[in-house]
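Structure first, then comments.
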Amino acid sequence: MAEIKSTMDMVMERAARMSAGAGDSDYLVEERLKEGMRLGAAYMRGEPGLAERLAAVSPEESGVVRKGAVQSLLRNIFLAREPEKQALADKAMQGLIEVGKGDGELLKILTEMKKILDGYRQHGEQLKEQLEAQFTQQMAMMEQNLAKQTGMAMKLQPSQHPKFQEEWARIQGQLNEQYGKALQQLKDLVERHLVMGLAP
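In terms of the numbering used here, the sequence shown opens at residue 21 and continues consecutively.
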């Protein structure tokens with residue numbers, strides 16, 4: 021009697037076998053995703069041939085590997101005020117063009133993305149200049165007061181004023197939120213376009 025298995029025992033054993041197989045499948049998918057991320061990272065380090073390396077991947081694995089490469093490249097596209105960080109985003113966009121094989125729709129999206137990145141930097145510079153101009157008059161008054169107190173002439177920068185830093189942080193937060201949302205929408209669109217097989 022002990023040798024006869026109940027239906028419930030058989031169902032549980034079968035479920036365990038299926039979940040073990042699914043675990044292997046999940047592991048392989050995760051490994052392929054990481055492989056794609058490594059390809060994207062290698063491209064960002066200056067290694068050529070991203071499109072060729074993706075083309076060399078077997079058809080059944082190419083979708084997941086491509087997704088990893090796209091995600092890796094998209095992580096290098098972010099709001100930056102410094103030109104060297106902007107250069108990273110430009111390189112990542114070139115990598116996406118390679119992955120998409122120059123697809124026209126992708127180029128439109130990336131052109132819009134470039135406008136957002138450039139607009140963010142320019143808008144930030146303009147707002148900072150305006151804020152500095154507002155504080156310049158206050159700083160002149162502070163310089164006069166300090167000169168009277170210490171007997172020495174001093175030149176203060178608007179950015180040294182505590183209220184300036186507070187106001188600039190508030191403005192930066194608003195800029196980051198506004199431009200960040202627009203950039204994220206375009207990044208999501210690029211990922212869907214390249215990963216869902218809409219691009220060649």
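Glycine included, C-beta positions come from ideal geometry on N, C-alpha and C.
Notebook entry, point to check: What three-state label does DSSP hand PRO68 in the structure shown?
Noted result: coil
Item checked: With 16 other Cβ atoms within 10 Å as the buried cut-off, status of LEU48 -> exposed
Next item on the list: For ARG52, I'd like the list of residues in its chain whose CB is within less than 6 Å of its CB, leaving aside the five on either flank, ordered along the chain.
Entry: GLU81, VAL84, VAL85
Note to self: Please give the ranges of any alpha helix (DSSP H) in the segment 116 to 176, keeping only runs that are unbroken, at least 4 residues long and fully inside the region.
What the structure shows: 124 to 170
Check: Over what stretch of residues does the alpha helix (DSSP H) that includes VAL77 continue unbroken?
Finding: Looking at the DSSP string, VAL77 is not in any alpha helix (DSSP H), and its letter there is neither H nor E.
Check: With a CB to CB cut of under 8 Å and the five nearest residues on each side skipped, what residues in its chain are close to GLY139?
Finding: TYR199
Checklist line | Reference ALA160, options LEU94, GLU72, GLY122, GLN180, closest by Cα | finding: GLN180
Margin query: I need the straight-line Cα distance from PHE184 to GLN146, nearest angstrom please.
Written below: 15 Å
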